[in-house]
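Taken in sequence, the protein lines are chains A and B.
Residue numbering for the first sequence follows my numbering, starting at 49 and increasing by one per position.
Residue numbering for the second sequence follows my numbering, starting at 49 and increasing by one per position.
Cβ coordinates follow ideal geometry from the N, Cα and C atoms, glycine included.
Number of protein chains: 2
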Amino acid sequence: MSKTNEPQISIIPLGGRKEIGNNMIVIEDDENIIVLDSGIMFPQDDQYGVDLIMPDITYLIDNKDKILGFFISHGHEDHIGAIPYVLREINVPIYGTRLTLGLIQLKLKEFGLHHDAQLIELAPGEKITVGNFTVEFIHINHSIPDSVAMAIKTKVGTILYTGDYKFDHTPIDGKPANLQRLGEIGSEGVLALLGDSTNAEREGTTLSEQVVSKTIEDVFKLSNNRIIISTFSTNIHRIQQIFTAAWKTGRKVAITGRSMINVINIASQLGYLNIPEGTLIELRKTKSLKPNQIVLLMTGSQGEPTAALTRISRGDHRQIEIIPGDTVILSSMPIPGNERSISQTINHLYQQGAEVLYDGMIDAHASGHACQEELKLMINLIRPKFLIPVHGEYRHLYHHAKLAEQVGIPKENIFITDNGVRLNLTSDRCWVAGSVPSGEVMIDGLGIGDVGNIVLKERKMLSENGIVIVSLTIDGKKAKVLAGPDIISRGFVYIRKSKELIEEAQDLAREALKELEAKNITDWSAIKKAVIDSIDNYLFQKTRRKPLILPVIMEI
Amino acid sequence: MSKTNEPQISIIPLGGRKEIGNNMIVIEDDENIIVLDSGIMFPQDDQYGVDLIMPDITYLIDNKDKILGFFISHGHEDHIGAIPYVLREINVPIYGTRLTLGLIQLKLKEFGLHHDAQLIELAPGEKITVGNFTVEFIHINHSIPDSVAMAIKTKVGTILYTGDYKFDHTPIDGKPANLQRLGEIGSEGVLALLGDSTNAEREGTTLSEQVVSKTIEDVFKLSNNRIIISTFSTNIHRIQQIFTAAWKTGRKVAITGRSMINVINIASQLGYLNIPEGTLIELRKTKSLKPNQIVLLMTGSQGEPTAALTRISRGDHRQIEIIPGDTVILSSMPIPGNERSISQTINHLYQQGAEVLYDGMIDAHASGHACQEELKLMINLIRPKFLIPVHGEYRHLYHHAKLAEQVGIPKENIFITDNGVRLNLTSDRCWVAGSVPSGEVMIDGLGIGDVGNIVLKERKMLSENGIVIVSLTIDGKKAKVLAGPDIISRGFVYIRKSKELIEEAQDLAREALKELEAKNITDWSAIKKAVIDSIDNYLFQKTRRKPLILPVIMEI
């Protein structure tokens with residue numbers, strides 16, 4: 049890797065650049081590799097039927113002997129979601145804080161991988177040396193507890209990776225981000241800053257969780273009805289506020305939703321959630337309480353189809369129905385792409401007589417990501433030589449770069465590159481040096497990577513216009529059609545109303561096949577082409593739709 | 049209809065209640081019907097392959113002899129889009145202002161219906177009597193010129209329909225809404241107010257177009273580069289501002305995008321757009337200008353896949369490429385559901401070196417719909433006895449009702465009902481009186497209403513997991529399989545990687561069929577069931593996916 053005697057390292061993001069999700073960054077020197085985070089991404093609308101996306105880890109598999117470990121900044125899906133898939137290929141130690149490891153463990157259990165995994169706890173403030181790297185965890189604020197930034201000492205200097213962060217001066221757990229340590233590290237000299245860009249378009253600073261705390265308490269106090277509140281199951285600070293507010297206002301909390309129950313269990317066991325004695329009750333016990341004594345806490349703040357609140361809004365939940373007058377709080381913000389499902393949930397809840405409160409009407413949520421003033425603060429605490437914006441779509445990386453220039457980082461020292469691009473650094477230089485295999489791998493059901501562009505393209509065609517199957521049986525030797533052509537369709541037209549259309553199409557296909565018989569043609573591809581050509585235009589003329597036409601030939 | 053001698057009318061919204069789009073309201077007395085607006089709606093994400101939605105007009109067709117005419121409030125798609133489909137079934141006069149009729153004419157030409165249509169112009173301030181109804185058009189502000197509210201005198205009293213509106217005290221065309229006339233009508237007594245609810249959740253008032261005017265002019269002045277600006281093609285006030293700002297800052301405007309060109313033509317011809325001499329030039333002539341002399345005006349503000357700006361962002365436009373430094377302005381707001389496509393467009397534009405400005409960063413857009421203070425103003429100008437909130441999802445209607453209560457409309461005089469529900473009114477009472485056929489009709493290609501829930505459900509299954517076709521030929525008399533079973537799939541797995549899976553599945557199907565042969569079963573449904581059952585679970589176990597399994601049987 050090194051062409052001169054000058055020490056050199058590489059930073060190679062495999063995900064998280066120009067996308068939100070899939071966070072995974074390789075730090076490599078001539079001997080070893082460490083990897084920061086290992087996340088997944090959720091599919092876009094046009095990735096039909098796909099469950100998850102993860103980064104292409106070919107480079108990691110090809111270099112598995114060099115990898116000393118994964119260092120995980122916090123327990124969100126876009127930072128831990130790919131770990132099971134990675135561990136199936138490469139068994140390396142995973143370093144994280146206690147809560148983060150607890151959530152990883154939960155995930156590994158689902159995959160049956162928890163026995164063999166090496167999970168090594170590192171607390172905020174602690175450091176560990178692996179190979180030529182010394183990694184120090186630094187306490188930072190985010191929308192999940194036990195989140196850390198990382199200072200990585202390398203041969204050429206210190207790299208600071210922010211992970212996902214904000215600066216909350218009045219956080220719920222009473223622990224503001226470790227500004228002093230960040231300042232110290234900055235004064236010792238930081239070569240490169242890998243910085244969270246999510247809110248780089250937003251002016252000012254992020255709301256403190258205390259503001260949301262107060263809002264939730266006020267609503268609990270003023271309402272005479274049941275409170276139904278949904279939030280992200282990993283937002284343990286928010287969940288803490290809900291329990292505290294319930295306790296203060298004489299209410300009890302019942303929870304519903306598998307991921308909510310799981311996370312609350314882990315968080316309580318590990319000491320990250322302090323549930324006041326007697327505040328948590330079973331769902332069925334709420335029947336004996338008065339409405340103003342009840343809080344129902346659940347998933348569904350993003351309108352996810354199978355989540356509790358969404359099912360309740362559709363009248364689909366086996367145990368909970370809306371009672372007119374219920375106060376429903378959506379304590380979250382729409383993740384881009386989910387606006388319509390959330391809106392639908394809200395409409396349904398109103399329609400059933402609930403009073404629905406959401407961000408915009410009240411301060412029901414505070415973001416977990418630094419806005420512009422906090423980003424500038426981070427840069428001024430750290431004063432890196434080089435800035436590598438991460439964790440954002442292009443527009444976010446772009447704005448992060450722009451504000452970095454405003455605070456004095458020279459434009460040529462800011463790098464916005466694609467996933468897979470190798471950035472080499474010496475103690476005073478940084479440059480693009482080629483790239484490694486990278487990309488998105490789509491996971492659908494148990495299949496990893498076998499749903500590629502072809503399958504997606506087929507699904508897209510099928511979703512828009514359906515399929516028309518033309519089946520026929522031929523006598524291979526005599527070039528004669530023995531049965532068919534029969535036409536069946538799915539997702540194209542409503543058959544009962546379109547009999548004539550289908551019969552016409554069958555006639556056209558039959559004529560085309562007769563011509564081929566007359567010419568004694570037995571070649572399957574000629575037959576298929578003739579069938580498609582015969583009805584393609586006809587169907588389009590009659591319907592202005594282009595279904596997938598699939599000839600199915602059987603030969604006797 | 050009338051059970052007593054007391055005069056009575058009915059108000060029946062056929063669309064636009066609990067949805068945004070499909071606006072169509074029936075006003076009926078014992079002799080006649082008039083219809084207010086005739087709009088369409090755009091499909092949701094789960095309405096695969098559907099082009100448009102329109103209201104079910106069965107009730108209009110069943111009562112066509114009673115219909116005296118359609119009165120159209122303004123030229124937006126969700127108020128005029130269904131007219132061609134309606135006119136095919138019922139040929140009745142269409143009343144509208146000059147620009148509205150011009151846009152309707154444009155649409156009818158596309159359908160070849162312009163020759164037979166009776167389009168009757170009514171100017172703001174004018175009134176006309178048809179049957180027992182007298183309809184008066186009242187000038188109102190909206191995001192398209194020539195928008196009107198309507199005062200409809202009936203046997204029982206005056207109904208005021210707001211259409212879509214805002215109150216802009218400094219509108220671009222210099223014509224504020226006719227507050228005096230609204231006040232007069234209010235003082236004469238209004239029985240029911242049919243009011244636009246779109247922005248009922250938003251506090252305060254809507255920005256005036258003048259604010260946007262200033263912003264656009266500032267950007268044009270300060271930029272030394274090309275300006276590329278996209279907006280809704282029907283936002284003629286905005287287009288006027290763009291031409292005016294261009295003229296003021298020494299720039300020329302070229303336009304691209306079919307709907308933009310069409311609307312600008314109509315609007316100029318009819319006198320709604322005043323293009324300063326020499327400001328409009330052909331696209332190819334911009335080559336000879338300096339960057340700071342150019343404005344390119346186009347469609348694509350919603351990230352629509354085929355629109356000009358979207359194609360440019362993908363590098364797909366035959367005539368226009370981004371030049372680094374270009375200033376791109378998205379002069380619009382995301383319509384809910386379009387956030388991701390717009391975000392993608394923005395990312396791509398940044399990546400190509402453009403400076404992108406959009407609402408939130410600058411005041412690039414003003415809504416066309418009244419916010420809370422304007423809604424209260426309308427209610428206080430009109431002081432209706434009854435309020436019927438329209439043009440909104442349930443949440444919007446709900447909030448409109450809530451603020452109406454705040455200004456003193458009694459709760460029992462506010463009606464939020466479903467489409468199709470008949471509201472009867474006498475001079476002092478209003479009540480729900482049954483309902484008429486109503487609903488959504490999906491239009492896909494040329495097919496109207498033939499894509500129903502079944503077809504959509506099929507398309508959804510196909511889009512998520514694809515289809516597996518099992519074809520076989522049997523000898524009907526001998527219960528023997530002559531050919532197959534052969535398996536073909538589309539959108540399920542990538543065949544080359546999944547040969548083994550498919551072959552295993554074929555074996556399982558073959559065994560199942562052998563069992564049936566042994567029992568001499570020739571019943572097609574038994575065969576189909578056996579085939580599906582044999583591979584259903586197997587495929588799910590192996591892939592965790594549930595494709596549509598389609599047995600195709602040919603019989604000789």
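Across the segment 518-547 of chain B, CB contacts with chain A closer than 8 angstroms involve S519, L520, T521, L530, A531, G532, D534, I536, R538, G539, F540, V541, Y542, K545 and S546, in sequence order along the chain. Annotation: Cβ neighbours of A/Y446 in chain B (cutoff 9 angstroms, chain order): N395, Y398, Q399 and V404. In the displayed model, B/F90 falls within coil according to three-state DSSP, outside both helix and strand. In the DSSP annotation of this structure, B/E169 is not part of any alpha helix (DSSP H); the continuous beta strand (DSSP E) holding it starts and ends at L167 to E169. Under the three-state reduction of DSSP output, B/I597 falls in the strand class. The secondary-structure analysis by DSSP pairs A/V196 across a beta bridge with A/H187. Take the alpha-carbon of A/E403 and the one of B/L62: they are about 27 angstroms apart. In this structure, B/D104 places its C-beta atom within 8 angstroms of the C-beta atom of B/V489.
For A/S391, the nearest CB of chain B lies under 8 angstroms from its own CB, placing it at the interface with that chain.
Taking a C-beta distance under 8 angstroms as the contact criterion, A/S379 and A/S316 do not qualify as a contact pair.
Contact check for A/S546 against A/V600 fails: the beta carbons are separated by 8 angstroms or more. Judged by DSSP secondary structure, A/D534 falls within the beta strand (DSSP E) whose first and last residues are K528 to R538. For B/A418, the CB contacts under 7 angstroms within the same chain, skipping 5 residues up- and downstream, are Y213, K214, F215, D244, N247, T254 and M426 in chain order. Against chain A, the beta carbon of B/E603 has neighbours under 8 angstroms at A531, listed in chain order.
Using beta-carbon distances, B/S271 does not count as an interface residue toward chain A, since no partner is under 8 angstroms. Rounded to whole angstroms, A/N386 and A/Q350 show a C-alpha spacing of 6 angstroms.
Contacts with chain A at 8 angstroms (Cβ-Cβ) do not include B/Q153. The DSSP assignment places 420-430 as complete runs of the alpha helix (DSSP H) inside the segment 414-450 of chain B, in order along the chain (cut-off: 4 residues). In the three-state reduction of the DSSP assignment, B/G524 falls in the coil class. Around the CB of A/T297, 16 or more other CB atoms lie within 10 Å, so the residue is classed as buried. One thing to note: A/R65 has its Cβ within 8 angstroms of the Cβ of A/V438. With respect to the C-alpha of A/L598, the residue from A/V541, A/K528, A/L510 and A/E551 having the closest C-alpha is A/L510. Membership of A/I277 in the beta strand (DSSP E) is indicated by the continuous run I275 to S278. For A/N111, there is no enclosing beta strand (DSSP E), as DSSP marks it with neither H nor E. Bounds of the alpha helix (DSSP H) holding B/M308 are R306 to Q317.
In this structure, the beta-carbon distance from B/K155 to B/I192 does not fall below 8 angstroms. In this structure, the CA atom of B/A574 is about 30 angstroms from the CA atom of A/E506. For A/E488, the enclosing beta strand (DSSP E) stretches over residues E488 to D492.
Residue range W572 to T591 is occupied by the alpha helix (DSSP H) that includes B/D584.
The three-state reading of DSSP puts B/R65 in strand, counting E and B together. For A/L451, no Cβ of chain B is located within less than 8 angstroms of the residue's own Cβ.
When B/G252, B/V196 and B/T375 are compared, the shortest CA-CA separation from B/F268 is found for B/T375.
A/D93 reaches chain B at D93 and R388, counting residues in chain order whose Cβ is nearer than 8 angstroms. If you draw a straight line from the Cα of B/P91 to the Cα of B/D498, it is about 15 angstroms long.
Around B/L598, the beta-carbon contacts reaching into chain A at under 9 angstroms are I515, I517, I536 and R538. In this structure, the beta-carbon distance from B/V204 to B/L116 does not fall below 8 angstroms.
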